[in-house]
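Inspection log for the structure reproduced underneath, given as structure tokens.
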Amino acid sequence: MKFLAILLISLTLACQSKSSEPKAQTEAPVGDGPEHAEHHAEEHDHHYELGKTMFTISTRFSHIWYAGQAGNAEMVKYQTHELEEIGEELKEENVVEGKVVVGEDFQKTLYPHFEAMEEAVAKKDMKAFEAAYDTAISNCNRCHTMTGYGHLQVERPSFNPYPNLKL
10 MKFLAILLIS LTLACQSKSS EPKAQTEAPV GDGPEHAEHH AEEHDHHYEL GKTMFTISTR
70 FSHIWYAGQA GNAEMVKYQT HELEEIGEEL KEENVVEGKV VVGEDFQKTL YPHFEAMEEA
130 VAKKDMKAFE AAYDTAISNC NRCHTMTGYG HLQVERPSFN PYPNLKL
């Protein structure tokens with residue numbers, strides 16, 4: 010019995026010491042060596058942050074649509090103001106995707122439509138609001154295509170994912 014207990018303890022200790030040893034890496038894949046680590050980290054962070062920003066933009070565009078449909082001029086104004094702040098941030102950060110300077114393109118092609126949407130909702134002119142909204146999302150899609158993300162096509166929302174927010 011003592012022999013069996015000693016054997017079990019020995020096996021347990023042997024397994025623990027082997028599993029705690031770091032495994033040697035055989036060969037780093039091409040382009041993954043330490044000299045490339047900084048580039049990969051920067052590239053990953055840039056795309057991740059831009060992706061998060063685009064998600065926020067998409068959310069705010071949905072809010073604008075439903076607020077506009079409800080005639081909520083204050084919410085439209087608030088959301089467009091928030092989008093303008095994002096545009097300023099993109100410009101300050103000098104975000105470039107492909108050959109597009111994203112902040113400059115965002116400001117040049119979207120800001121006039123933000124203003125048009127605000128004015129249209131304030132005047133209760135739904136046709137003008139919808140035209141400005143549609144032109145803005147058309148410009149989003151143009152930019153997505155120019156930067157190699159043509160598969161990301163924005164369109165009018167078909168359901169409100171935020172039913173708890175009075176838009």
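For the sequence shown, the working numbering gives the first residue as 10, with consecutive numbering after it. Glycine residues also receive a C-beta, built at the ideal position from the N, C-alpha and C atoms. All values derive from a computational prediction rather than experimental measurement.
Distance between beta carbons of residue j and residue i, contact taken as under 8 Å
{"i": "residue 9", "j": "residue 116", "result": "No answer is possible for residue 9: it lies beyond the span of the chain, which begins at 10 and ends at 176."}
{"i": "residue 73", "j": "residue 142", "result": "7 Å"}
{"i": "residue 67", "j": "residue 130", "result": "Not a contact, Cβ separation roughly 20 Å."}
Residue i: CB within 8 Å of a non-hydrogen atom of the ligand FMN
{"i": "residue 154", "result": "As far as ligands go, the structure on display features none, and thus does not contain the ligand FMN."}
Reduced DSSP category for residue i - H, G, I as helix; E, B as strand; rest coil
{"i": "residue 175", "result": "coil"}
{"i": "residue 60", "result": "helix"}
{"i": "residue 168", "result": "coil"}
{"i": "residue 96", "result": "helix"}
{"i": "residue 77", "result": "helix"}
{"i": "residue 40", "result": "Caution is warranted here: a pLDDT of 46 is assigned to residue 40, below 50, making its placement in the model unreliable, and the coordinate value is therefore given only provisionally. Of the three classes helix, strand and coil, the one that applies to residue 40 here is coil, per DSSP."}
Distance CB(residue i)-CB(residue j) smaller than 9 Å
{"i": "residue 69", "j": "residue 102", "result": "no"}
{"i": "residue 77", "j": "residue 126", "result": "yes"}
{"i": "residue 9", "j": "residue 120", "result": "Outside the modelled stretch of the chain, which goes from 10 to 176, sits residue 9, for which no answer is possible."}
{"i": "residue 176", "j": "residue 63", "result": "no"}
{"i": "residue 59", "j": "residue 111", "result": "yes"}
{"i": "residue 138", "j": "residue 89", "result": "no"}
- prompt: In the stretch 99-166, which residue ranges form an unbroken alpha helix (DSSP H) of at least 4 residues, counting only runs that do not cross its ends?
  reply: Here the runs fully enclosed are 111-131 and 135-155.
- request: Count the CB pairs spanning the stretch 84-103 and the stretch 146-164 that are closer than 8 Å, and state whether there are at least three.
  value: By the Cβ test, the stretch 84-103 is not in contact with the stretch 146-164, since fewer than three Cβ pairs between them sit closer than 8 Å.
message: Within 8 Å, do at least three Cβ pairs link the stretch 103-122 to the stretch 162-176?
response: Proximity of the stretch 162-176 to the stretch 103-122 falls short of the contact definition, fewer than three beta-carbon pairs being nearer than 8 Å.
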